[in-house]
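Structure first, then comments.
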Amino acid sequence: MALERLRSWWFRYWVLPRDRRKYKAMSVAETFSTIYRTKGWGSDGGQFCSGPGSWGPVADRYCAFIVDFIAKNQIGSVVDLGCGDFAIGKRIVDGSGVRYTGIDVVPELIEHHQKNSADSRVAFRCANIVSDDLPEADLYLIRQVLQHLSNDEVGQVLRNLSNCSKALISEHVPIHPKSINLDKPHGPDIRRFAGSGLYIDQPPFSIAVETTWEWPLGDDSLLRTCLVDQSAMKQASASERQPAQQA
Ligand SMILES: C[S@@+](CC[C@H](N)C(=O)[O-])C[C@H]1O[C@@H](n2cnc3c(N)ncnc32)[C@H](O)[C@@H]1O
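Be aware that the sequence shown starts at 498, since it is given in our numbering, and climbs by one per residue.
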């Protein structure tokens with residue numbers, strides 16, 4: 498118990514600040530390329546691993562929920578923003594038959610998918626969702642991506658989505674957060690390590706959302722998925738941003 502507390506203290510007050518300084522000095526593309534190259538989210542034997550969120554019961558339930566959502570809402574095309582290792586995307590394509598475009602900021606990851614997984618229904622594109630134009634689709638998925646970005650970058654992604662039809666946005670958040678939307682630089686960590694989480698329906702984002710699906714991740718956190726429609730996105734792009742807390 499004492500050892501566990503010591504490890505968590507060491508992580509929070511030594512590892513986390515050191516890594517944050519390192520990644521803050523890099524661009525978003527350099528940051529996530531480095532994370533994949535150094536196996537920063539672990540390894541499952543493949544060249545790219547997006548971390549434990551891509552497998553296990555939560556991944557099973559999430560994919561089943563999305564496949565059902567696609568069928569019920571007559572979705573013909575999906576763009577997966579921050580598609581990562583494509584473990585989740587592949588299951589959605591196989592389960593639904595939807596036309597799928599995976600987007601990620603890491604060029605070597607996109608080249609790998611384009612070579613190994615693209616076909617007539619499945620394509621990949623390298624883009625930074627903070628600043629680049631996004632392809633059209635009936636539905637956008639953003640799963641465990643925004644939680645790795647700063648509040649300023651999250652705001653820019655939400656504004657970039659202002660012409661999108663519908664988005665399902667999923668974040669790993671604490672059940673009882675000590676604070677909301679505590680700011681952090683982009684990187685492998687998430688706000689939960691400081692007892693916070695990303696809630697796009699709260700300031701400084703304040704977007705109207707419908708919480709459509711939640712699944713527990715351990716005792717103290719959950720994967721929360723919100724549906725955002727086009728009118729809410731337009732409201733986000735028009736609204737003035739409010740100041741955020743600093744980590
Ligand atoms: C934790 S992984 C999640 C992958 C996948 N969505 C999943 O749920 O398994 C986050 C992914 O978002 C990508 N990403 C982060 N910021 C991005 C940005 N600004 N533009 C495009 N992709 C981004 C990272 O490269 C990484 O592949």
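Yeah, the Cβ is synthetic: ideal placement off N, Cα and C, and Gly gets one too.
In this text, all values refer to a predicted model and were calculated from it rather than measured experimentally.
**Asked** Do T722 and L665 have their C-beta atoms closer together than 8 Å?
**Response** Remark: C-beta atoms of T722 and L665 approach each other more closely than 8 Å.
**Asked** For ligand 1, which residues count as neighbours when the test is a C-beta closer than 5 Å to any heavy atom?
**Response** V525, F529, S547, S551, G579, G581, I585, D601, V602, V603, N625, I626, V627, R640, Q641 and V642
**Message:** Does the contact criterion of 3 or more C-beta pairs under 8 Å hold for the stretch 605 to 619 versus the stretch 627 to 641?
**Reply:** no
**Prompt:** Thinking C-alpha only, which one of V555, W506 and I687 is nearest W538?
**Reply:** Closest option to W538, judged by alpha-carbon separation, among V555, W506 and I687: I687.
**Message:** Please identify the residue among A620, K731, V619 and Q641 whose C-alpha is closest to the C-alpha of S662.
**Reply:** K731
**Message:** Going by the DSSP bridge assignment, what does P632 pair with across the sheet?
**Reply:** DSSP output for P632 lists no bridge partner at all.
**Message:** If I follow the unbroken alpha helix (DSSP H) through P514, where does it start and stop?
**Reply:** Here the alpha helix (DSSP H) through P514 covers L513 to K521.
**Request:** With distances taken Cα to Cα, identify the nearest neighbour of Q641 among I672, D680, C580 and I532.
**Result:** C580
**Asked** Considering only residues of the same chain and omitting the five flanking positions on each side of E737, which have a CB-CB separation below 7 Å?
**Response** Confidence in E737 is poor, its pLDDT being 49 and thus under 50, which makes the residue's placement unreliable; the coordinate value appears in the next sentence. Result list for E737: empty, nothing under 7 Å.
**Prompt:** Which same chain residues, not among the five before or five after R509, have their C-beta less than 7 Å away from its C-beta?
**Reply:** F690
**Prompt:** Going by the C-beta, is C560 closer than 7 Å to any heavy atom of ligand 3?
**Reply:** In the structure shown, ligand 3 is absent; the only ligands present are ligand 1.
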